[in-house]
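Keeping their order, the protein sequence lines are chains A and B.
Per full-length UniProt numbering, the first sequence runs over residues 1 to 310.
Per full-length UniProt numbering, the second sequence runs over residues 1 to 310.
2 protein chains.
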Amino acid sequence: MGTSRRVTLNDVAAASGVSRATVSFVLNDDPHQTISAATRDRVKQTARDLGYVPHGVARALREGTSRVVVLTIEAGLEGHYSRSYIDGLDAELAAHEYVLLVRHGHHTPQTTQQVLDVIAPRAVIRFGETYLAGRELDDLGGGWRDGLAAHSALQLRHLVEHGHTGIVVALPDSESPLAATRLKFTGHAARSLGIRVPDSFVVPLERSACAEAVAAYLTRAPQVTAIAGFSDDVALRVLMALHDLGRRVPDDVAVIGFDDNGYGVYTTPALTTVNVDAEAHGRLSARLALDLDTGGLRPPPARIVVRQSV
Amino acid sequence: MGTSRRVTLNDVAAASGVSRATVSFVLNDDPHQTISAATRDRVKQTARDLGYVPHGVARALREGTSRVVVLTIEAGLEGHYSRSYIDGLDAELAAHEYVLLVRHGHHTPQTTQQVLDVIAPRAVIRFGETYLAGRELDDLGGGWRDGLAAHSALQLRHLVEHGHTGIVVALPDSESPLAATRLKFTGHAARSLGIRVPDSFVVPLERSACAEAVAAYLTRAPQVTAIAGFSDDVALRVLMALHDLGRRVPDDVAVIGFDDNGYGVYTTPALTTVNVDAEAHGRLSARLALDLDTGGLRPPPARIVVRQSV
DNA sequence: CTGAAAGCGCTTACAG
DNA sequence: CTGAAAGCGCTTACAG
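The structure is reproduced here in structure tokens:
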């Protein structure tokens, strides 16, 4: 065994008695060439026998971009959405022989540029950017933006169906650009459901600050009977605050989460939430990044995971 | 504006009136060359003025590997450990002008090979592999393995200090290769603490199955008064099972988690757990991957996050 | 002290 | 139907 020299196009060419160009043509199924079936077979067979795998770096230098797509994701956005999104993105990319690589942490134009300089990926996708850029993904058949609108509406409707009209949205303390969009959609949904447009307030991370914020808001707005979380994390903190304040859930105040992160089962009461399967969204992003046809993708509707908090 | 052609070494050479080689030498501080200070300054200045950034792909083709390190990580290992580990890895790599890219999901030799073929990373690190490979990181000054042993011991000791001697380890349903190692260390710790070596049992994912498993184990082993979770996830499920079974925590049974994932605050009672800061471990991995000196890294000791479950 | 040249492994006009 | 050649942008012996 031992580490042997990698087998290159040269080796395949030599072994099959044709030029490097010919090998490249048959291996890439170049439509501009017409190469005899016999030659094609022979070349493909030798490539297989030798275990030839194209050197991605050389190819990237020649073609200008590598067969890689980079996803950048900020901390705190993990949930069922991100997991299923990444699964779909990864699967679709793999189907087209691209590899998905993820960058965690906070991202600036500089860090993105660094990634570009270092590996020249085919694309770098910012998790959630399609929301923010306001691109009309609906027009591409993905129903993405409509998706978020629908999901926000679903969350609100569940509350209304359980008799709540005084509703407030609980926001994370970190400024999420998504928050504004969510609030907007929730507003739309409220109008079409015929209830007052929900107010919002911020839920701090620290436990006692959290309880204070919830208590303060509730005394300020006594008509509120239900709290809609921006995320499960936020909703979980609200649940904790309500527990610390001695308020009963859902009898005194109802709580609903968003983007079922898996931890809503563990609390008492367990957290009712919205579960979004973003597999199709991930596939859509992949096709967009690869300039492929985006038709035929049918994201399933989001669903309410009914537990005990509303 | 518009997308302009990237500036290459050629441009810098032309603009500063020297050869490409000279530019490369000064920009890389080649110790084998002796270039006049005047020339060096001029070249560096023009490179800056032109905004020259080396093309990573070309460099990688020439050098054999790119300035990238890939971390592969399986689902279900997220926690404070992994977060701080990744932070440290990322920071140390960045300090040496490498970029960290992560691959999620399940990994096989084939998928790893694919990444190798596509971007020729400097190294691919499997999250947790150093545990499994049994490499003697202690000898390198990182205290890693000793770290895990110490952390397992810390978890157990906390239980013993609270009067428990009948202890069992709760394991995840998925086979984690780490489980065997953890069990081994817990065994060592038990012996040095003078208690019986803890038994173990598996906690299924599904809620009722989970309660059944816990109930079954507890009736089989009535001497057990404390359950040590392999992870916070497992411990959280144990807490839920105990709640469903009507057992009081910690009075009837005490529970402790491992690797503070942040969700132990939300339960009632809140979960006591072990918090490991793996920033230094991440830095160590980075230096190992880059063949750098690993001295001077002092991982802080792990600590017990005391909440209410023990 | 500095430059001309080769070469990393590929793809793709271009010529036969 | 197939091959010789150029070139992607870099680094590094080698020669002056």
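Glycine residues also receive a C-beta, built at the ideal position from the N, C-alpha and C atoms.
Euclidean distance between Cα positions of P109(A) and S82(B): 26 Å
If you draw a straight line from the C-alpha of Y52(A) to the C-alpha of A14(A), how long is it? Here the alpha carbons of A14(A) and Y52(A) stand approximately 13 Å from one another.
Nearest chain B C-beta to S36(A) closer than 8 Å, yes or no? S36(A) does not count as touching chain B.
Quick one: what does DSSP say R282(B) is sitting in, helix, strand or coil? Residue identity differs from the one stated: residue 282(B) is Gly in this sequence, not Arg. In this structure, DSSP gives G282(B) a helical state, which the three-state scheme calls helix.
Does the pairing of the region 29–38 of chain B with the region 300–308 of chain A give three or more beta-carbon distances under 8 Å? Counting Cβ pairs under 8 Å, fewer than three are found: no touch.
Taking the alpha carbon of S16(A) as the point to measure from, which residue in D30(A), T46(A), T72(A) and R6(A) has its own alpha carbon closest? T46(A)
Nearest CA to the CA of G147(B): which residue from D277(B), H164(B) and A254(B)? D277(B)
Mind checking V234(B): buried by the 16 CB within 10 Å criterion, or exposed? By the Cβ-count criterion, V234(B) is buried, with 16 or more other Cβ atoms from all chains shown falling within 10 Å of its own Cβ.
Counted within 10 angstroms of its Cβ, other Cβ atoms place V168(A) as buried (16 or more) or exposed: buried
C-alpha distance - P301(B) paired with A150(B), whole-angstrom precision: 8 Å
V102(B) and V102(A) closer than 8 Å at C-beta: yes
Return helix, strand or coil for S309(A), following the three-state DSSP convention. coil
What does DSSP give as the partner residue(s) for T72(B) in the beta ladder? R103(B) and R126(B)
If you draw a straight line from the C-alpha of T188(B) to the C-alpha of T65(A), how long is it? With the sequence shown as reference, residue 188(B) is identified as His, and Thr is not the correct amino acid for it. For H188(B) and T65(A), the distance between alpha carbons rounds to 52 Å.
Give me, in chain order, the residues of the same chain whose beta-carbon lies closer than 7 Å to that of S190(B); leave out the 5 immediate sequence neighbours on both sides. Inspection of the sequence shows that residue 190(B) is occupied by Ala rather than by Ser. Counting only Cβ-Cβ distances below 7 Å, and skipping sequence neighbours, we find L156, R196, V197 and P198.
Residue environment, R122(B), which counts as buried when at least 16 other CB atoms sit within 10 Å: Counting other Cβ atoms within 10 Å of its Cβ, R122(B) reaches 16 or more and is therefore classed as buried.
Tell me whether the region 242–258 of chain A and the region 278–295 of chain A touch, counting them as touching only if at least three CB pairs, one residue from each stretch, are closer than 8 Å. With a cut-off of 8 Å, the region 278–295 of chain A and the region 242–258 of chain A do not count as touching, because too few Cβ pairs lie within range.
Buried or exposed: which applies to H32(B), given that a residue is buried once 16 or more other Cβ atoms fall within 10 Å of its Cβ? exposed
Neighbouring residues, chain A, relative to I86(B) (Cβ below 9 Å): What I86(B) touches in chain A: H104 and G105.
Measure the C-alpha to C-alpha separation of V274(B) and S84(B) and round it to an integer number of angstroms. 14 Å
Would you mind listing the alpha helix (DSSP H) stretches within the region 34–83 of chain B that are 4+ residues and don't spill past its ends, in chain order? 37–50 and 56–63
With distance defined between alpha-carbon atoms, name the residue in T219(B), L242(B) and S231(B) nearest to residue 318(B). Absent from the model: residue 318(B). The displayed extent of chain B is 1 to 310, so no value can be given.
Scan the region 230–276 of chain B and note each continuous alpha helix (DSSP H) run of 4 residues or more that stays entirely inside, going in chain order. 232–245
Look up S174(A) in the DSSP assignment and say whether it is helix, strand or coil. coil
Measuring alpha carbon to alpha carbon, tell me which of N28(A), L89(A), L27(A) and P54(A) ends up nearest R287(A). Taking each of N28(A), L89(A), L27(A) and P54(A) in turn and checking the Cα distance to R287(A), the smallest one comes out for L89(A).
Contact residues within the region 266–281 of chain B, judged by C-beta distance below 8 Å to chain A: Residues are counted here when their Cβ sits less than 8 Å from a Cβ of chain A; for the region 266–281 of chain B these are Y266, T267 and T268, given in chain order.
So with CB distances below 7 Å, who are the chain A contacts of residue 313(B)? In the structure displayed, chain B extends from 1 to 310; residue 313(B) sits before or after that span and is not available.
DSSP three-state label for A226(B), please. strand
Please list the partners that L93(A) has in chain B, where partner means a Cβ-to-Cβ separation under 8 Å. Result: empty, since nearest Cβ-Cβ is about 11 Å, beyond 8 Å.
My output table needs one value for A133(A): the three-state DSSP class, helix, strand or coil. Low confidence applies here, because A133(A) scores a pLDDT of 48, under 50, leaving its location unreliable; read the following figure in that light. In the structure shown, A133(A) sits in a helix (DSSP, three-state: H, G or I).
Partners in chain B for D90(A), counting only beta-carbon separations shorter than 9 Å: R103, H104 and G105
Of the listed residues L171(B), V224(B), P54(B) and Y263(B), nearest to V203(B) (C-alpha basis): L171(B)
Residues in its own chain within less than 6 Å of P250(B) by CB, not counting five upstream and five downstream? Excluding residues within five positions, the ones whose Cβ falls inside 6 Å are S309 and V310.
Quick one: what's got a C-beta closer than 7 Å to R80(B)'s C-beta in the same chain, skipping five residues either side? In the sequence as displayed, the identity of residue 80(B) is His instead of Arg. Within the same chain, D259, D260, N261, N275 and V276 come within 7 Å of H80(B) by CB-CB distance, once the 5 residues on both sides are set aside.
Strand pairing of D199(B), partner residues [DSSP]: V168(B)
Which residues in the same chain have their Cβ closer than 7 Å to the Cβ of R182(B), if we skip the five residues on either side of it in sequence? Correct list, in chain order: S152 and F230.
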